[in-house]
Amino acid sequence: MLFNSIEFAIFLPLTFVLYWFVFQRSLKLQNAFVLAISYLFYGWWDWRFLGLIFISSLADFIIGPKLAKAEKISTRKRLLALSLTINLGILGFFKYFNFFIESFVGAFAGVGVDMSVHTLQIILPVGISFYTFQTLSYSIDIYRKELQPIEEPIAFFAFVSFFPQLVAGPIERASNLLPQFLKERKFEYAKATDGLRQILWGLFKKVVVADNIAPHVEVIFSNSDTEGASTLVLGAIFFAFQIYCDFSGYSDIAIGTAKLFGFDLMTNFKTPYFSRDIGEFWRRWHISLSTWFRDYVYIPLGGSRVSKGRQIWNSLVTFTVSGFWHGANWTFVVWGFLNGLYYVPSIILGTSKKRGVVAQNKWLPNVKEVFQMITTFVLVTFSWIFFRAEDVMHAITYISNIFSTTIFQMPPSHRGPIPFILILLGIEWIQRSKLHGLEMIHTSRWLRPVAYTALVLLILLYGFDDSESFIYFQF
Amino acid sequence: MKKFITKILAYSIGIFLLNLLIGWGLKSMGPKYAESEYGYIKWNDYQKIEADSLDLLFIGSSHFLSGINPAIFDSITGSNSFNIAGVGLRPGSGYIALKEVLAKHTPKVVVFDIFHRTFIGSSYNHLYNFGYVNLAGEKLDFFQSEFNIQEQARVILPTYTYRNHFPGARILFGIKKKMKHWKEETYKGYVPHKNTITAEELAQNEFKNYIFKPKAVGAKNLDYLDKMVKLCREKGIQMVWTTTPLPVICLEDIKNKEAIDEYFGALAKQYEVPYINYNDYTLRNGLNLVDLKDYNDDDHLNVLGANKMCQDLSHRISPYIGGTPPLSLQN
Chain A
1 MLFNSIEFAI FLPLTFVLYW FVFQRSLKLQ NAFVLAISYL FYGWWDWRFL GLIFISSLAD
61 FIIGPKLAKA EKISTRKRLL ALSLTINLGI LGFFKYFNFF IESFVGAFAG VGVDMSVHTL
121 QIILPVGISF YTFQTLSYSI DIYRKELQPI EEPIAFFAFV SFFPQLVAGP IERASNLLPQ
181 FLKERKFEYA KATDGLRQIL WGLFKKVVVA DNIAPHVEVI FSNSDTEGAS TLVLGAIFFA
241 FQIYCDFSGY SDIAIGTAKL FGFDLMTNFK TPYFSRDIGE FWRRWHISLS TWFRDYVYIP
301 LGGSRVSKGR QIWNSLVTFT VSGFWHGANW TFVVWGFLNG LYYVPSIILG TSKKRGVVAQ
361 NKWLPNVKEV FQMITTFVLV TFSWIFFRAE DVMHAITYIS NIFSTTIFQM PPSHRGPIPF
421 ILILLGIEWI QRSKLHGLEM IHTSRWLRPV AYTALVLLIL LYGFDDSESF IYFQF
Chain B
476 MKKFITKILA YSIGIFLLNL LIGWGLKSMG PKYAESEYGY IKWNDYQKIE ADSLDLLFIG
536 SSHFLSGINP AIFDSITGSN SFNIAGVGLR PGSGYIALKE VLAKHTPKVV VFDIFHRTFI
596 GSSYNHLYNF GYVNLAGEKL DFFQSEFNIQ EQARVILPTY TYRNHFPGAR ILFGIKKKMK
656 HWKEETYKGY VPHKNTITAE ELAQNEFKNY IFKPKAVGAK NLDYLDKMVK LCREKGIQMV
716 WTTTPLPVIC LEDIKNKEAI DEYFGALAKQ YEVPYINYND YTLRNGLNLV DLKDYNDDDH
776 LNVLGANKMC QDLSHRISPY IGGTPPLSLQ N
């Protein structure tokens, strides 16, 4: 069930009403209802894969208390290894099995050894990388003694399968989301209305901006051999906005939906294209994944409390693994590594530090900030070419075709999505210190309905004809 | 909670009414800037016909859209004909189109397109008929029984449905290009197709290994077909069924073409409706169609093919309008 489908438009109000009017009598009932509708939501795609979520949840539900009770470090390590093996085993089989086989055969073919190995026809279950990482965080946090195991099975199963963020995040930490399943949830007017605003904003980004850009990106990347250089540049910029609006749009709808049910999910995007350096970009882009890798890969490797050389190594490993998380393709590995490389200068110069929002309390940024934002955007967009390309060779050809004299010509077509991007940038700039584009608590009560109506009409008039799936579902 | 629900309902009603208002405005603008909206165009053309003046009515899928040229029928039979075909038209949609026309006309003959695929599957395309007919009671029944959820949503969101009628703005945003010369090219519901299919395209035709399964024919489709036959009978109108010819390669690629002929042949016999099946090899051969010359794509005739079929068909149905068929067809 897609967030931008008619089915979801019926599913959401129906479950909302049942949740608050029928199942509000007890916490257990509410959790059981959340679990049931989450399994229904996921089963709408393919009910067969419900078994995987169930196995993943069951394994960690059983291992969790044993991990907490075990005192011997060797027992604790064995139990953690068991959890990692089950979760990463499922993920590895469904997502990476064929990739490793093909890469293995390719490597041997490179040295003249022909191997006849069959790959399997494996369907990738939607959202498997997201819920696997979510359950992993539960086991690891218990192992680290940062979290107490849960004894309530319904609440735990509902936490793993919570439908708003099940298929494309935000990847929630057990320490944030799980306690919310254990305390009574009461309807809050302000939270629910803000949830609806965030859903509307997410829908606008997805169906008006991302989906209208998608066909242009498809045409440009498919014809990268024949398109002019300026069109290729436009194609890369378009993809930067397509993936941002597609993914952050999904996150907004997910967070907004969770608010309607009384839950707070973590912020996943904070106007990342207004970042002034790569470090800031990664603190604003897919925050739930970036912080996951920071806490469970980068810091265990030594983080930044080691020598600069080691720090650079840790950073490159973390970014590359994060690239590989996105998919079984060398394009994602290169994309991750490239972003790791971008981060190296800030480690050497020691300039990677947390910063507030750009041009705070000002209307416009200064020249230096504009230059920094453009440079960061160009670097990020360059790496997106690898992310979007069919394979590494395609990306290299795409980039090499950009360096030609046609770079100075105006792109002859594909200007359609530009107004949508400008509208998006305008709203995001005004709202850059807010949690989402429609967070308008202190705005005039007359302006708010006008803004909502304008967005609804834009969705009706310009929302793309065919319901496009979300890009991040494939990960 | 009460405040929340009240506010949401009030706002939703406001937005819904605004959507109806804008949708009504867009609809009345007409599809000047739209592509693939021949379904709407034909109704615009239809409204211009004088009441009670039609002799011959064609109802069918895109096969009729590209294959039935009323100009040929008018000149050969001396009648006034109209083609109310639309892409993917199924019997349900055909029925409400028929009802709409019969409210204003009593043609002598109604020719219905028998294309097996419109009797099977879940691909719906009723909206262009629904939006332009005025059958209050039957419309609701049709809406509830035949529309899939996406089409139902489109009906209640006319701003979305008719947004392609928004002049200028959609071109500004580069979404749709202005439709070229549709006014000049269409005639009484006929949309000439001018392409010629290549051998490579034909080799990859969509009928490859297709198997017709009589059990897959939808009961509702048969119900609406039954309603059409009965309605024509009730009004004293002769109904004729016809199937437009597919390229020979496609016919050969269907695994059980005979089963299709037998199924619809038996149905025609049951209803005692004359059935002119141009996919019957004997009948098809009489048209002298050439796959690589007379077809726009793997299942639509182009202008040349349409001319051949319309000339033959007009002679075959002229007796029902009051004319005499040529000697060559009297057997």
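Same order as they appear, the protein sequences are chains A and B.
Quick note on numbering: this note's numbering labels position 459 of the first sequence as 459, and the sequence is numbered without any gaps.
Quick note on numbering: this note's numbering labels position 225 of the second sequence as 700, and the sequence is numbered without any gaps.
All C-beta atoms, glycine included, are put in the ideal place defined by N, C-alpha and C.
All values reported here derive from a predicted model rather than from experimental measurement.
Per DSSP, B:Asp698 is one residue of the alpha helix (DSSP H) stretching across 694-709.
For chain B, the residues of the region 436-453 of chain A that bring a beta carbon within less than 9 Å of one of its beta carbons are Pro449, Tyr452, Thr453, in chain order. Against chain A, the CB of B:Phe491 has no partner CB under 8 Å away; the residue lies outside that interface.
Against chain B, the CB of A:Tyr189 has a partner CB under 8 Å away; the residue lies at that interface. For B:Leu529, the closest alpha carbon among the candidates B:Ser537, B:Ile543, B:Ser556 is that of B:Ser556. With a cutoff of 8 Å on beta-carbon distance, B:Leu573 and B:Met784 are scored as not near each other. When the alpha-carbon of A:His394 is set against those of A:Asn329, A:Asn339, A:Asn212, the nearest one is in A:Asn329. Proximity to B:Thr481 across A:Tyr189, A:Ala451, A:Arg185 peaks at A:Tyr189, based on C-alpha coordinates. Segment contact: the region 129-147 of chain A against the region 62-82 of chain A, three or more CB-CB distances shorter than 8 Å; contact assigned.
At least one C-beta of chain A is nearer than 8 Å to the C-beta of B:Ile624.
With a cut-off of 8 Å on Cβ pairs, the region 320-340 of chain A is in contact with the region 288-306 of chain A, counting three or more such pairs.
Membership of A:Tyr19 in the alpha helix (DSSP H) is indicated by the continuous run 6-21. Relative to the Cα of A:Arg355, the nearest Cα in the group A:Asn314, A:Asp277, A:Asn401, A:Val306 belongs to A:Asp277.
For the pair B:Asn760 and B:Pro667, the Cα-to-Cα distance works out to about 23 Å.
Burial of B:Asn771 is indicated by the presence of at least 16 other C-beta atoms within 10 angstroms of its C-beta. The continuous alpha helix (DSSP H) containing A:Val34 extends over residues 27-46.
For A:Thr406, the secondary structure class from DSSP, reduced to helix, strand or coil, is helix.
Flagged as an interface residue toward chain A: B:Lys478, by a C-beta distance shorter than 8 Å. Across the structure, B:Trp499 and B:Leu492 are spaced so that their CA atoms are roughly 10 Å apart. Taking CB atoms only, A:Ile6 has a neighbour in chain B less than 8 Å away. The alpha-carbon separation between A:Arg448 and B:Tyr635 amounts to approximately 23 Å. Between A:Val456 and chain B, the shortest Cβ-Cβ separation is below 8 Å. Against chain A, the beta carbon of B:Leu632 has neighbours under 7 Å at Leu460, listed in chain order. Chain A places no beta carbon closer than 8 Å to that of B:Ala485, leaving this residue out of the contacts. In summary, B:Ile488 is exposed, with fewer than 16 beta-carbon neighbours lying within 10 Å of its beta-carbon over all protein chains present. Ranking A:Ser315, A:Phe94, A:Phe8 by CA distance to the CA of A:Gly327 puts A:Phe94 first.
When secondary structure is reduced to three states using DSSP, B:Ile712 falls in the coil class, being assigned neither helix nor strand. Proximity of chain A to B:Ala526 at the Cβ level (cut-off 9 Å) is not reached, the minimal Cβ distance being about 36 Å. Contact between B:Asn558 and B:Phe587 is ruled out by a C-beta separation of about 12 Å, above the 8 Å threshold.
Using a C-beta cut-off of 8 Å, the region 416-428 of chain A makes no contact with the region 246-261 of chain A, since fewer than three inter-stretch Cβ pairs fall below that distance.
According to DSSP, residue pairing for B:Leu776 in a beta bridge involves B:Tyr770. Contact note: B:Tyr635 reaches chain A through Leu460, Leu461, Gly463, using a C-beta cutoff of 8 Å and chain order.
Bounds of the alpha helix (DSSP H) holding A:Val380 are 367-388. As computed with DSSP, B:Leu531 is found in a beta bridge with B:Ser556, B:Val584. DSSP lists B:Thr717 as the beta-bridge partner residues of B:Ile751. At least one CB of chain B lies nearer than 8 Å to the CB of A:Ala192.
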